[in-house]
Amino acid sequence: MSEYDPQALQAKWQQRWEEQDTYRASDDPADPRERRYMLDMFPYPSGDLHMGHGEVFAIGDVVARYWMQKGYNVLHPIGWDSFGLPAENAAIKRNAHPAEWTYANIETQATSFRRYGISFDWSRRLHTSDPDYYHWNQWLFIRFFERGLAYRKGGLVNWCPNDQTVLANEQVVAGKCERCGADVIRRELTQWYFKITEYAQRLLDDMEQLVGWPERLLTMQRNWIGRSEGADVLFEVEGREEPVHVYTTRPDTLFGATFFVVAADAALADEIVTDAQRPAFEAYRAEVARLSDIERLATDKEKTGVFLGRHAINPVNGERIPVWAADYVLSDYGHGAIMAVPAHDQRDLDFARRFDLPVKVVVHTGLADPGETGEATPGEGMLVNSGPLDGLSKAEGIARIIEILQAEGRGTGAVNFRLRDWLLSRQRYWGTPIPIIHCPDCGEVPVPDEQLPVTLPDLRGEALAPKGVAPLASAAEWVNVECPKCSGPARRDTDTMDTFVDSSWYFLRYCSPGYADGPFDPEQVRKWGPIDQYVGGIEHAVLHLLYSRFFTKVLHDMGMVGFTEPFLRMLNQGQVINGGKAMSKSLGNGVDLGRQIDDFGVDAVRLTMIFAGPPEDDIDWADVSPAASQKFLARALRVMSEVTSEPGAAFEGGDAELRKVTHHTIDEVTKLVEGQRFNVAVARMMELTSATRKAIDSGPGAADPAVREAAETLAVTLSLVAPYTAEEGWERLGRTGSVAFAGWPTADPALLVQDSVTCVVQVAGKVRDRLEVSPDITEEDLRALALGSEKVAPYLRGAPRKVIVRAPKLVNIVP
């Protein structure tokens, strides 16, 4: 350990990498290397790097460095997602400007990233809060607006009373603000939206391209998009000229609809309620406004509602059914109204029992009558009490009722999506200003391209405090402008964009960060994109990834990119926890990344992160040992330092057994890295280190060419996880140039052939013998050898009941 000084190695090699710009990707069209694009989800500058950063960036760097060793021209950029509420809240607290906190934190993180030895191309660094970046947010917004994909409308929105801003549906988790945890309420506001629903089907269909994504992540995306097939049914409502559209996935149960429910906060309820019922309705609607969507949909909540004084007409049998307003129907589901079939839907049944409404069975499932048991029967069965549908199955009934509805003009087959349009306007300051001017004569007018970017006015401190309206509204000189069309008095839009807009296309900007004629150079994106490997947390499965996929499809339709999916492969890392729990100040179990690096060195921390388990698993820092990693790295560096043969000599003629170990290591580590089993790859590097140490100490010695081959293999493979140690070892081996580009070794097939394999023989699950056998031994011969073993015989009493043979490595005998 006295020879291993991680801090000295870090200072030496960090300076050299910076001086030589070691990891800069080449845009030279004459460069013959195949291009690869490795991307980590970019960080938010909320402070210095933490343990989670330590894990995810170590994982991504394994992939990037492996590709470099394989001879690819690798783009591995870094930037900062630097707009957002934490900076604004910090500015209010400090009576400062958000930029001061933001850019100070960025510099802190940048210094830590350089220390951490990640193979970033620093020449492509970007910050989304720079005007030369958010200029193109605004340019893209205007292009979306021109295509009808950005629009403004009024309606009920999610409102965070703490942050004083609206939230997209995706930013509400269990009824709370995804960022601050406050209970979200519903508010009537006019807001900007992106029409992501226009791409809902394509977002589903194109998932066939995502063969490199974890199935769990794909399932989350499918569920959020939520495609369902059913029917749009027209119900006449007394006192209303236009029929009401109701979407249902079970039109076969129409004959069982015994009442009609409208969302209490839907405009339809306010329109059709009778004068006599209005006071009760107004009081109920105010009560519902205080509930979150999660509370409204809770299955264990007592059902509430109010009769609206109207009846609807069931289109299949002409029955008059009462119309109620209730909280368990949401205004943005379908058309904000449902037909209630209480026998076959538990929420409808609970409501019917609460208000003594009829229950009619129309699907015979073999279960007891729901009206008596209180248990709805939503499953499949034969249709009954349904006129022309009697005796049909669910699928047959759906097809038949749609035919009838279409023939009578009372409905049609339909597809519905859970996905709603992306609400993107925010009532806060530290974000991209929306580039629209509101003119009383011309309406909504985009800011002309030549006037972009619309930069933020200088607001700070108390001027940023949330007041229920956007802080930008107070900047009168900024707000009041001439209309670009008529030159009359007009006002700028005072909302800013959701920061997920920034991150929906940043990966394209990395391809040409200095490009001035558009958000990115389409030719460079053609050469680098799409991203070959993306690494980041599963928590972004719905938000960021869905929005990025949407943006990419729009840009494809605009002719700006040649692909429809941005990320070919996804790798989601687990969390770094401590003592079985997430790290937190309140629990006092936090671990400081910087302190760990000070104590053990960057390479030991990175190695520990990678060796702890598969990338997708959580790492419990209480169960790992960076001190042990440091000791291993010291051993590995000593091995590389003690080699005495000259570099460049042929390896043939060296120790045969060590050469086999080396080439088996090459073969296995290659497969393990490509299969993203990085922890097992590290284990193989450790085994190679031990084998090389043994060869030096008690074998052919440090001058043997096989020892050099093993040590050089160790340096190259170790460079993926411990770059400082690997660079130093490579230099001590007499090699020039960075080990990062040494070239990945190739296993010699002749040295991979095994003369024998160790077969474990178990009796009743316990190991009783180990046999050296041919790799090609048959199951029959291996069975005979195992049963004939002298070490096995004492544990057998007569013929065994069962012998399980897995040639050539295992025999399990059940006596």
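Here the sequence shown is numbered in my numbering, starting from 640 and rising by one per residue. Don't be surprised by glycine CBs; every beta carbon is placed ideally from N, CA and C.
If you draw a 10 Å sphere on the C-beta of C1398, you find 16 or more other C-beta atoms in it, and that means buried.
When the beta-carbon positions are compared, L1185 and Q777 stay at least 8 Å from each other. Beta-carbon to beta-carbon, G793 and A1053 are separated by about 25 Å, too far to satisfy the 8 Å threshold. Runs of the alpha helix (DSSP H) lying entirely within the region 925-956 and spanning at least 4 residues, in chain order: 932-936. Annotation for F990: the continuous alpha helix (DSSP H) segment containing it runs 985-994. Looking at the backbone, the Cα of G1227 and that of K815 are separated by about 25 Å. The region 862-880 makes contact with the region 951-968; the number of CB pairs closer than 8 Å reaches 3 or more.
Between Q646 and W656, the alpha-carbon positions lie close to 15 Å from each other. Inter-segment contact for the region 716-723 and the region 732-750 is present: three or more beta-carbon pairs are separated by less than 8 Å. Excluding the 5 residues flanking it on each side, L714 has same chain C-beta neighbours closer than 6 Å at A664, Y676, W1167, in chain order. Proximity of the region 1260-1278 to the region 1240-1247 meets the contact definition, three or more beta-carbon pairs being nearer than 8 Å. Look at the beta carbons and you see the region 791-811 touching the region 819-837: at least three pairs across the two are nearer than 8 Å.
In the three-state DSSP reduction, S1358 falls in the coil class, being neither helix nor strand. Counting only unbroken stretches of 3 or more residues, the beta strand (DSSP E) elements lying wholly within the region 1029-1092 are 1050-1056, 1075-1078, 1082-1085, in sequence order. Counting only runs of at least 3 residues, the region 1230-1266 fully encloses no beta strand (DSSP E) element at all. By the C-beta density criterion, I1443 is exposed, having fewer than 16 other C-beta atoms within 10 angstroms.
At least 8 Å separates the beta-carbon of Q1235 from that of I698. Taking the Cα of H1303 as reference, the smallest distance to any Cα among S1264, P682, G1404, T1356 is reached at T1356. The distance from the Cβ of A965 to that of V1023 is about 27 Å, inconsistent with a contact at the 8 Å cut-off. Membership of E1204 in any alpha helix (DSSP H) is not indicated, and neither H nor E is assigned to it by DSSP. In this structure, S1187 sits away from R704, with a CB-CB distance that is not shorter than 8 Å. If you ignore the 5 residues before and after E1047, its C-beta comes within less than 8 Å of the C-beta of P954, all in its own chain and listed in chain order. Relative to V1118, the option among P1105, C1081, P1074 whose CA is nearest is P1074. With fewer than 16 other Cβ atoms from the protein chains shown falling within 10 Å of its own Cβ, E658 counts as exposed. When beta bridges are read from the DSSP output, P961 appears opposite H950. Annotation: E1429 is outside any beta strand (DSSP E) and is labelled neither H nor E by DSSP. Sorting D1420, R1148, E1255 by C-alpha distance to the C-alpha of E1178 places E1255 at the top.
Between P1205 and F1146 the beta-carbon gap is near 6 Å, inside 8 Å, which marks them as a contact. The beta carbon of F1189 lies closer than 8 Å to those of F833, I835, Y838, L842, W1061, S1143 in the same chain, with the five residues before and after it left out. Taking C-alpha positions only, Y923 is separated from W863 by approximately 30 Å. In its chain, beyond the 5 residues on either side, V1282, S1284 have a beta carbon closer than 6 Å to the beta carbon of R1347. Under the 10 Å beta carbon count, G693 is surrounded by 16 or more other beta carbons and is classified as buried. Here the region 1000-1007 makes contact with the region 1015-1035; the two share three or more CB pairs at distances below 8 Å. Counting along the chain, N797 sits inside the beta strand (DSSP E) bounded by residues 789-799. Between the C-alpha atoms of D1137 and D871 there is a straight-line separation of about 33 Å. Contact check for W1069 against A726 passes: the beta carbons are separated by less than 8 Å.
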